[in-house]
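Written below as structure tokens is the structure these notes are about.
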Amino acid sequence: MSYYKIENLEQYFKAYKKSVKSPEVFWSDIAEENFTWYKKWDKVLEYDLTKAEVKWFINGKLNIVKNCIDRHLNKKGDKTAILFEPNNPEEPTQHITYMELHERVCKMANVLKDQGVKKGDRVCIYLPMIPELPVALLACARIGAIHSVVFAGFSSSALISRINDLDCKVLITSDGSFRGNKSLNLKSIVDEALEKPSSIEKVLVVNRTGTEIQMKEGRDLWLQPLLDKAPKDHVAEVMDAEDPLFILYTSGSTGKPKGMVHTIGGYMVYTAYTFQTIFQPKENDVYWCTADIGWITGHSYIVYGPLLNGATTVLFEGIPSYPDHGRFWDVIDKHKVTQFYTAPTAIRALARENLSYIENHDLSTIRILGSVGEPINEEAWHWYNNHVGKKQSPITDTWWQTENGGIMIAPIPYVTPTKPTYASLPLPGVQPELMDERRNEIEDNQVVGSLCIKFPWPGMARTIWGDHKRFVETYFTAFPGKYFTGDGALRDEVGYYRITGRVDDVVIVSGHNLGTAPIEDAINEHPAVAESAIVGYPHDIKGNALYGYITLMETGEVRDRDNLRREINQHIASHIGPIAKLDKIQFVSGLPKTRSGKIMRRILRKIAEGDFSNFGDTSTLLNPEIVEEIKDERIEG
Ligand code: PRX
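FYI, the numbering for the sequence shown is 68 to 704, going by the working numbering.
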């Protein structure tokens, strides 16, 4: 990637100015210079943000997998594309070269075609972090099918609702998954999901753990024998730049999760460019992002961004605490990792462990450290800087979202001076704006406003699958003509952005984006529960944790409260997934409501935080007396 390479601040400002003044020239230069297209686009950009209609590289024809793999084969065929580090450190590492990846992807593509998957069909992927996962993504993209990865920690209900939202024909899963010293029977979760009516015709099963599983005749097939028989050549499908590449769900503040649709051309250009700019790959680098491919970070910065740049990307199956808390440092040392990209929640957890875990390892190969998923607090930033980066490697605090496709605001390592807790400056092509409640732009420093983006960028999601109206309402209505991120932010005197957190009912727990509404819906289905309200509160390790206020049905039956708490959490785990469990559950006799019946979450949030100083205006409350009761019975700790 040679165009608009940024090696100093002057080049940054020059590129930034160009990207604002002539966005079409800026992005078409990058798109033309760095990728293989079957046919060039007729027009770079068409958009109307009030209708949330955006198209990039109109009528351009391409296949993203040709760009991720095939075009590297001549020069980099023997280079490791994917370095697979298994959960168990005793199990050998796999070095999958670009040549081998090509063969594996082509074989998988042929298997999918054989199973009747066609261009435009949706394929659901429910797999742990094993090589078959990126191979499955790339195989779908190669044949023009749309992949939708469901994080393997999600429950059967979450899985089936996503499958049916998309009418997926085929599901790719495994018998089980390893996680530290435990293994999880994934296939049984799939079986439970598919007890409900669904569009799934075939389930392809990877043998990973050897766990005993049920195979349903006519529906379930072991993948390996099919791969063994499949031809190793496959002609990549010719796709339009605006054809969907994948759908990934993200929680919203209301109702069901939103299937964000990303399209091929813009996403390719954006992830490749941002990977190059932020992670600055060199020929012998080993790049490692610890995210799961079930989230957008894994899509963009384990699979697409690195492969589009011909990099070596680590795929890690395990967890940071197995076999001990030195695992991350061990992997960095063993593979001489040069760029390391992780989440603040992992940093905070590891910072609590003995420093000897780090000191026993050589981390001197690291050149760039990344952080993503939630605000990184000052203490965690310094620990990361001092002990992992040894004050030598810049930390890039990257702010972006599932909806964005790729990194939006972040310091460019060795270019943008870092400032803890500030995501700093927008990347070229990104035009942020802070808005006040009256929809006026905030010009002043240190004033928190709603973070919006006022101009399209190639990586932005194009719609919510099957519900464009919701897409418009969620992102383009609060501030007409702009994309509203749902985050609050402020700017300092030099123009650095600091993200202050969500301004809606989404809580970021351990870097996972959780809408409170779907959790409340799940809890309310429990027969003992009348009503519930969930809020986030600060937590040392997770960043935020969930606090639930719950009113019970008046049945006259007295239930053991701790049992009920366990049952409610179990209920959440099976409806959504264990990540959405509540840390604290307070049973209350009522919730503070306005006269129009709206729960006043602001007050509940303050009580959960232990801040009783000022509840603001409570005059609209129908039942102000409840506030005292809730406050008095708050769960401490
Ligand atoms: O609130 C912001 C927070 O994570 C949200 C997006 O979550 P998700 O779509 O799951 O994508 C996460 C990975 C890209 C944002 O709205 N967030 C993400 N990165 C940061 C952040 N908050 C502060 N600083 C960050 N670097």
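Think of the CB as a built atom: it goes at the ideal place given N, C-alpha and C, for glycine as much as any other residue.
Review point. What is the residue span of the alpha helix (DSSP H) that residue 255 lies within?
Key: It spans 253 to 260 - the alpha helix (DSSP H) in which residue 255 sits, taken as one unbroken run.
Practice item. Could you name the residues of the same chain whose beta carbon sits closer than 6 Å to that of residue 177, not counting the 5 residues immediately before and after it, in chain order? Key: Only 297, 298 and 301 meet the Cβ criterion.
**Study point:** Delimiting residues of the alpha helix (DSSP H) encompassing residue 166
**Key:** Per DSSP, residue 166 belongs to the alpha helix (DSSP H) from 165 to 181.
Practice item. Measure from the C-beta of residue 626 to each C-beta in chain B and report whether the shortest distance is under 8 Å. Key: Of the chains in the structure shown, none is chain B; there is only one protein chain.
Review point. What are the boundary residues of the alpha helix (DSSP H) that residue 428 is part of?
Key: For residue 428, there is no enclosing alpha helix (DSSP H), since its DSSP letter is neither H nor E.
Point to revise | Close beta carbons around residue 68, own chain, < 8 Å, minus the five adjacent residues each side | key: Bear in mind that the predicted position of residue 68 carries a pLDDT of just 49, short of 50, making it unreliable; the figure below should be weighed with that in mind. Excluding positions up to five away in sequence, the list reads 97, 100, 101, 339, 340, 343 and 376.
Exercise for review: State the DSSP-derived secondary structure class of residue 597, mapped to helix, strand or coil.
Suggested key: Residue 597: strand per DSSP, three-state reduction.
Point to revise | Cβ contact (3+ pairs, closer than 8 Å) linking the region 489 to 497 and the region 535 to 546 | key: Cβ pair count under 8 Å is below three, so no.
Review point. First and last residue of the alpha helix (DSSP H) that includes residue 204?
Key: According to the DSSP assignment, residue 204 belongs to the alpha helix (DSSP H) that extends over 199 to 210.
Exercise for review: Could you tell me whether any non-hydrogen atom of ligand 1 is closer than 7 Å to the CB of residue 464?
Suggested key: At a threshold of 7 Å, residue 464 counts as near ligand 1, since its beta carbon sits closer than that to one of the ligand's heavy atoms.
Review point. Is the region 343 to 354 in contact with the region 401 to 418, if contact means three or more CB pairs nearer than 8 Å?
Key: Contact between the region 343 to 354 and the region 401 to 418 is present: 3 or more CB-CB pairs across the two stretches fall below 8 Å.
Review point. Could you check where the alpha helix (DSSP H) with residue 636 kicks off and where it finishes?
Key: Here the alpha helix (DSSP H) through residue 636 covers 628 to 642.
Review point. Which word fits residue 76, buried or exposed, when buried means at least 16 other C-beta atoms lie within 10 angstroms of its C-beta?
Key: Exposed: under 16 other Cβ atoms inside 10 Å.
Review point. Taking one C-beta from the region 425 to 432 and one from the region 450 to 457 each time, how about it: are there three or more such pairs within less than 8 Å?
Key: Between the region 425 to 432 and the region 450 to 457 there are three or more C-beta pairs closer than 8 Å, enough to call the two in contact.
Review point. Just reading off the beta strand (DSSP E) that residue 551 is part of, what are its end residues?
Key: Taken as a continuous stretch (DSSP letters only), the beta strand (DSSP E) holding residue 551 covers 550 to 558.
Point to revise | Strand pairing of residue 466, partner residues [DSSP] | key: Note: residue 466 is bridge-paired with 476 in the DSSP secondary-structure output.
Point to revise | Per DSSP, cross-strand counterpart(s) of residue 499 | key: Bridge partners of residue 499: 520.
**Study point:** Assigned secondary structure, residue 535 (DSSP; H/G/I helix, E/B strand, else coil)
**Key:** Correct three-state label for residue 535: helix.
Exercise for review: Give, in chain order, every unbroken run of the beta strand (DSSP E) that is at least 3 residues long and sits entirely within the region 92 to 174.
Suggested key: For the region 92 to 174, the continuous beta strand (DSSP E) assignments of 3+ residues that do not extend past its boundaries occur at 110 to 115, 120 to 125, 147 to 152 and 161 to 164, in sequence order.
Exercise for review: May I ask which residues mark the beginning and end of the alpha helix (DSSP H) holding residue 545?
Suggested key: Element bounds for residue 545: n/a, residue is neither H nor E.
Review point. What are the residues that DSSP puts in a beta bridge with residue 679?
Key: Its beta-bridge partners do not exist; DSSP assigns none.
Check your understanding: Can we count residue 343 as close to ligand 1, meaning its CB is less than 7 Å from some heavy atom?
Key -> In this structure, the C-beta of residue 343 stays at least 7 Å away from each heavy atom of ligand 1.
Check your understanding: Mind checking whether the beta-carbon of residue 442 lies closer than 7 Å to any heavy atom of ligand 1?
Key -> Yes.
Review point. Can you tell me the Cα-Cα spacing of residue 494 and residue 562, whole angstroms?
Key: Rounded to the nearest whole angstrom, the CA to CA distance from residue 494 to residue 562 is 13 Å.
Review point. Would you say the beta carbon of residue 242 comes nearer than 7 Å to a heavy atom of ligand 1?
Key: At a threshold of 7 Å, residue 242 does not count as near ligand 1, since its beta carbon sits no closer than that to any of the ligand's heavy atoms.
Check your understanding: DSSP puts residue 706 in a beta bridge; with which residues?
Key -> This structure cannot settle anything about residue 706, because the visible part of the chain is limited to 68 through 704.
Practice item. Look up residue 287 in the DSSP assignment and say whether it is helix, strand or coil. Key: Here residue 287 carries a strand assignment [DSSP, helix/strand/coil].
Practice item. Flag residue 582 as yes when its Cβ comes closer than 7 Å to any non-hydrogen atom of ligand 1, and as no otherwise. Key: Not one heavy atom of ligand 1 falls within 7 Å of the beta-carbon of residue 582.
Review point. Which partner residues does residue 576 have in the DSSP bridge list?
Key: Answer is 579.
Practice item. Give a single yes or no on whether residue 553 has its beta carbon closer than 7 Å to a heavy atom of ligand 1. Key: Yes, the Cβ of residue 553 comes within 7 Å of a heavy atom of ligand 1.
Exercise for review: Could you tell me the distance, in whole angstroms, from the CA atom of residue 190 to the CA atom of residue 286?
Suggested key: Residue 190 and residue 286 have their C-alpha atoms roughly 15 Å apart.
Point to revise | Buried versus exposed, by CB contacts within 10 Å (16 or more), residue 426 | key: Answer is exposed; the Cβ neighbour count stays below 16.
**Study point:** Residue of 639, 626, 308 and 610 minimising C-alpha distance to residue 676
**Key:** In terms of CA proximity to residue 676, 610 leads the group 639, 626, 308 and 610.
Check your understanding: Are the region 79 to 98 and the region 325 to 339 in contact at 8 Å, needing three or more beta carbon pairs?
Key -> The region 79 to 98 vs the region 325 to 339: in contact.
Practice item. Within the same chain, show all residues whose beta-carbon is closer than 8 Å to that of residue 163, passing over the 5 residues directly before and after it, in chain order. Key: Closer than 8 Å at Cβ, skipping near neighbours: 147, 148, 149, 150, 151, 171 and 198.
Point to revise | Option in 502, 346 and 702 with minimal Cα separation from residue 74 | key: Closest by alpha carbon: 346.
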